[in-house]
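Data first, discussion second: the structure below is written as structure tokens.
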Amino acid sequence: MSRLLACITFFVLIFGSAVTGESNNCSKGANYFFPCINYVGGFSPKPAKDCCSGLEELNKMAKEKEGPENICQCIEDMAYVTNVPFIASRVQSLPEDCHIHLSFPISISMNCSRV
């Protein structure tokens, strides 16, 4: 039931940002991070391939156009709307578990204005 609620909330977030005219790039960022929810929420023992490839895409977005602050804010917003508590150790180990070096820090206590 909580997964269904998280999925519905996610799609409301995506639809809501399109309706209000917010940047579609945050929707993309949320879409890239969404497959990681099962891992960082403790529902899966390891990150899915889609999670790792999404993390790689987020890294590209942060380097190329969006900047790490915007990516951080998208992930933070997604964590809020999905209402899935992220496990700190899983969030911090995500880059290592996916064999990716991120160009921005990731943790549950990120301050996006300082990324």
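Residues -21 to -1, 1 to 94 (mature numbering (1 follows the signal peptide of the UniProt record, and there is no 0)) are what the sequence shown spells out, left to right. We treat Cβ as the ideally placed atom computed from N, Cα and C, and that holds for glycine. Computed from a predicted structure; not experimentally measured.
- Residue 64 and residue 14 have their C-alpha atoms spaced approximately 15 Å apart.
- Counting the other Cβ atoms within 10 Å of the Cβ of residue 59 gives fewer than 16, which makes it exposed.
- When DSSP states are grouped into helix, strand and coil, residue 27 belongs to the coil group.
- For residue 74, the CB contacts under 6 Å within the same chain, skipping 5 residues up- and downstream, are 81 in chain order.
- Assigned with DSSP and collapsed to three states, residue 89 falls in coil, not helix or strand.
- Assigned with DSSP and collapsed to three states, residue 33 falls in helix.
- Looking from the CA of residue 26, the closest CA among 43, 62, 68, 92 belongs to 68.
- Taking 8 Å as the upper bound for CB-CB distance, residue 11 and residue 43 are not in contact here, some 13 Å apart.
- Boundaries of the alpha helix (DSSP H) harbouring residue 50: 46 to 61, taken from the DSSP string.
- With a cutoff of 8 Å on beta-carbon distance, residue 48 and residue 91 are scored as near each other.
- When DSSP states are grouped into helix, strand and coil, residue 5 belongs to the helix group.
- Nearest to residue 17 by C-alpha distance, out of 62, 89, 88, is 62.
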